[in-house]
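This report concerns only the one structure given below.
In mature numbering (1 follows the signal peptide of the UniProt record, and there is no 0), the protein residues as written are -18 to -1, 1 to 419.
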């Protein structure tokens, strides 16, 4: 996979914004690549820094704000309280038996990328949620999701499918969630039609049944998600890929019941960026993918188990004060989590408030090692970030607007394989820490 580097900055509509993330530095992973301009749009060269005020020219101008960030949203006051009551597993979207503070990891089970293959039976029980990476479509717009185990030519120590399934069942019997993660860097999924939606439901359900899985994780990246021009109300989306994904996930959740997990791992570009930029904007000059996961998250908030955004391979994102936060610090994790825990004005509009998620529905994602992704910080700093969120202590320069949030769910990492490649240092530090909270 290619990691994101920060693009050149430009001035658009009188506000400072960052250019689209430009994937230039190779990173040995497959999970997330930085957003690139939609393939359906050919953008002209970036405007000069002396561009006139709105309406902006018709470009796919990138929303990520620069370090001299755009003004804060019209309101950063806490939105209404979450509408679902958390239980031991977390409300309607909760899963019984899931630890209060979960350690979540991705397992390279269908491919090799240098970190080595780990048979399912050898995955450490330190992990509470094991996401099988990845279910991918045969073509982006068919909805036909396929999953296969890593070929023996790539992974010499791969187990038989029979042994793999038996090991999955053993993990589940121990209270672990073993899920199919759909998407990733190479798995572009665009459910443009109802036929694609139905095929998605059919094929994902078939994989779940075959491997006895207990949940699904949505890791749509790149060109999978966008918002059509004029689709500005996150509560009533009209874009086909958004509406069909919501419908498909509700169908799967309904089929498998309350104890079937639904998690999501979008990039910051598709989630927290929505506090500043949403879709193509009022004048049509922004990247239409900006914040496009927000209507999906909102529509599924009662079914959602955990949202753990990838706080890595990210451009700068404004916090609730309107200050640009950069990845690679504990402040970034706190600020990105606070946007979801506090609620925010979508696109900076005070009449478009995204209500906060329950704390037990929110975690954040971090690389397990320097080789796993950009934005790595060590486990001491990660623990400080979680302390700040859960206890209000060990905070850096950014503190949550409300809280603390002792029910904050935990941490996701890319990946289990990269961690074991480095001796399991991440899990060995984070498991006892999470248990101590």
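Every residue, glycine too, gets a C-beta built ideally from N, C-alpha and C.
Where residue i sits in the DSSP three-state scheme
{"i": "residue 207", "result": "coil"}
{"i": "residue 131", "result": "coil"}
{"i": "residue 427", "result": "Because the chain here runs from -18 to 419, residue 427 falls outside it and cannot be looked at."}
{"i": "residue 88", "result": "strand"}
{"i": "residue 252", "result": "helix"}
{"i": "residue 49", "result": "Model confidence at residue 49 stands at a pLDDT of 37, short of 50, so the residue's coordinates are unreliable; what they give is reported in the following sentence. Note: residue 49 maps to coil in three-state DSSP."}
{"i": "residue 355", "result": "coil"}
{"i": "residue 77", "result": "coil"}
{"i": "residue 324", "result": "helix"}
{"i": "residue 60", "result": "Confidence is the limiting factor: at residue 60 the pLDDT is only 45, short of 50, which leaves the residue's position unreliable and the question unanswerable from this model."}
{"i": "residue 311", "result": "coil"}
{"i": "residue 349", "result": "strand"}
{"i": "residue 166", "result": "coil"}
{"i": "residue 395", "result": "strand"}
{"i": "residue 339", "result": "coil"}
{"i": "residue 200", "result": "strand"}
{"i": "residue 261", "result": "coil"}
{"i": "residue 306", "result": "strand"}
{"i": "residue 371", "result": "helix"}
Residue j beta carbon less than 9 Å from that of residue i
{"i": "residue 128", "j": "residue 200", "result": "no"}
{"i": "residue 223", "j": "residue 162", "result": "no"}
{"i": "residue 243", "j": "residue 261", "result": "no"}
{"i": "residue 205", "j": "residue 248", "result": "no"}
{"i": "residue 117", "j": "residue 169", "result": "yes"}
{"i": "residue 482", "j": "residue 142", "result": "Residue 482 cannot be examined here, being either before or after the span of the chain that is shown, -18 to 419."}
{"i": "residue 338", "j": "residue 325", "result": "yes"}
{"i": "residue 110", "j": "residue 84", "result": "yes"}
{"i": "residue 376", "j": "residue 366", "result": "yes"}
{"i": "residue 207", "j": "residue 252", "result": "yes"}
{"i": "residue 210", "j": "residue 122", "result": "no"}
{"i": "residue 166", "j": "residue 136", "result": "no"}
{"i": "residue 385", "j": "residue 320", "result": "yes"}
{"i": "residue 364", "j": "residue 348", "result": "yes"}
{"i": "residue 255", "j": "residue 183", "result": "no"}
{"i": "residue 282", "j": "residue 232", "result": "yes"}
{"i": "residue 100", "j": "residue 402", "result": "yes"}
{"i": "residue 119", "j": "residue 171", "result": "yes"}
Exposure label - residue i; buried when at least 16 CB within 10 Å
{"i": "residue 399", "result": "buried"}
{"i": "residue 372", "result": "buried"}
{"i": "residue 265", "result": "exposed"}
{"i": "residue 157", "result": "exposed"}
{"i": "residue 134", "result": "exposed"}
{"i": "residue 115", "result": "buried"}
Terminal residues of the beta strand (DSSP E) in which residue i lies
{"i": "residue 243", "result": "243 to 246"}
{"i": "residue 399", "result": "Residue 399 -> not in any beta strand (DSSP E); alpha helix (DSSP H) instead, spanning 398 to 403."}
{"i": "residue 236", "result": "Note, residue 236: premise wrong, no beta strand (DSSP E); alpha helix (DSSP H) at 222 to 238."}
{"i": "residue 118", "result": "111 to 119"}
{"i": "residue 288", "result": "288 to 292"}
Short CB-CB distance (under 9 Å) between residue i and chain B
{"i": "residue 176", "result": "Judged by its chain identifiers, the structure shown contains no chain B, having just a single protein chain."}
Does the stretch 94 to 105 come close enough to the stretch 387 to 395 that 3 or more CB-CB pairs lie under 8 Å? no
Are three or more beta carbon pairs between the stretch 175 to 182 and the stretch 223 to 240 nearer than 8 Å? yes
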